[in-house]
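I have placed the structure first, in the form of C-alpha cells, so that the comments after it can refer back to it.
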Amino acid sequence: MKDAETPEQGVGEDATGIVDPVDPADVADAPVRLRRRLTWRLLVPVVTAAAGVMFALSFQTAQGRDLRGDRDLPQLIIAGDARVAAQAGVLDELQKEVKRLSTTSAPADQHLSSLTRAADELAPTAATTKVRGPALEVTLDDAKRTADSLPDGFTADDIVVHQQDVQAVVNALWTSGAEAMMIQDQRVIATSAVRCVGNTLILQGRVYSPPYRITAIGDIDRMERGLDADPSVTIYKQYVDAVGLGYGLHTLGSTEFPAYSGSVDFQYATPIRPTTGTP
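Using my numbering, you'd call the opening residue of the sequence shown number 2 and step up by one each time.
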C-alpha cells in the first residue's frame, strides 16, 4: 500500500509545520542593508585602484631613491650651506680675475687711476683686503645640560646662545678698537647682520651651529678690557656661572684674515651725500 506523501515544508515553517512570525523591522531594514553591501562592493575596487595608482606614481618618482629623505630639513640646510660656500669660492676667484684683467687691460686714464687709488685706500676699512695681526678669540656655546635639570626660575631659553649674545661680543670688540673681525670662517664688515634662527646662526647666507667663534685682530689688552666692561657681556657671564653657558677667551698669535668677498653695496638704503654748499 502506497504511503501518503508528506507535504513540502513551506517558507516560514519549521519541521513541525508551524509558521514562524516575520519581524516587520527586518523587512524594513532589508533595503538599507542591501544598499550598504552595494556601496562597499563599489568602494573596494575604487580604493584598490587609487592605491595602485599612488604606488605606481611613487615608484616612478622615486626611481629607487628615498622620497622622505628630501624632506629632511637639517640635510637640506647642510646641502644649501655647502652650495653657498662653493658659490662664494667661485665669486672670490672671479673677483680676483676681474681685478687682474682690469689692471692689465684698462687704459692709463688719470681719472681711473685716481679711483683705483681711492679704492685701495678704502680697502682695509671695507675689509676687501687680507689683514694679519695678533688676534683675540671669543667662543660662545650652549650649556651642556637639559632643561629639567635647571634650578627654579630658569627656562630652556637660558641654556642656549642667542643672537643678542653674539651681537654683544661683536659690538664690544668693535667698540674697543678691533681692526678686523671674523665670525666662524667668514670675514665680517660693518654691515654684516648676525641673525639667529632657533639655536643656529645665519651669517651672510651661511648657517652655523654652536659653538660660535668670534675672532678679532687689534690691541689685545684693549679688547679684553672692552669685553670686561660691556654690560651685555657681563650679563652673559652671569648665566655662564648660573646655568653653565659656554664662554672662552683665547689669545692668538699672528693671524691672517681673508678678504671679504661679498657685495658691499646697500640693498635697502643709500649713503647720505653732502650737497654743494653744505657747511
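Think of the CB as a built atom: it goes at the ideal place given N, C-alpha and C, for glycine as much as any other residue. Nothing here was measured: the structure is a model prediction, and the numbers come from that model.
- Between residue 137 and residue 217, the CB-CB gap stays under 9 angstroms.
- In terms of CA proximity to residue 158, 148 leads the group 152, 167, 148.
- Listed as beta-bridge partners of residue 136 by DSSP are 218, 253.
- Secondary structure at residue 155: coil, using DSSP grouped into helix, strand and coil.
- The alpha-carbon of residue 97 is positioned some 11 angstroms away from that of residue 90.
- Excluding its 5 nearest sequence neighbours in each direction, residue 275 has no C-beta neighbour in its own chain below 8 angstroms.
- 9 angstroms or more divides the Cβ of residue 198 from the Cβ of residue 204.
- Bounds of the beta strand (DSSP E) holding residue 209 are 207-209.
- Spatial neighbours of residue 171 in its own chain (CB-CB distance under 8 angstroms, excluding positions within 5 residues in sequence) are listed in chain order as 182, 184, 189, 195, 215.
- Secondary structure at residue 223: helix, using DSSP grouped into helix, strand and coil.
- For residue 184, the enclosing beta strand (DSSP E) covers residues 181-184.
- Annotated three-state conformation of residue 248 is strand, per DSSP.
- With 16 or more neighbouring CB atoms inside 10 Å of its own CB, residue 227 falls in the buried class.
- The residue from 180, 187, 143 with its alpha-carbon nearest to that of residue 219 is 180.
- In this chain, the beta strand (DSSP E) harbouring residue 195 covers 195-198.
- Collapsing the DSSP output to three states places residue 203 in a strand.
- Between residue 141 and residue 161 the beta-carbon gap is near 10 angstroms, outside 8 angstroms, which marks them as no contact.
- Within the same chain, Cβ atoms closer than 7 angstroms to the Cβ of residue 252 are found at 137, 221, the five residues on either side in sequence being excluded.
- Following the DSSP letters along the chain, one finds residue 189 in no alpha helix (DSSP H) but inside the beta strand (DSSP E) bounded by residues 187-189.
- In the DSSP assignment, residue 176 falls within the alpha helix (DSSP H) that extends over 164-176.
- DSSP links residue 258 through a beta bridge to 132.
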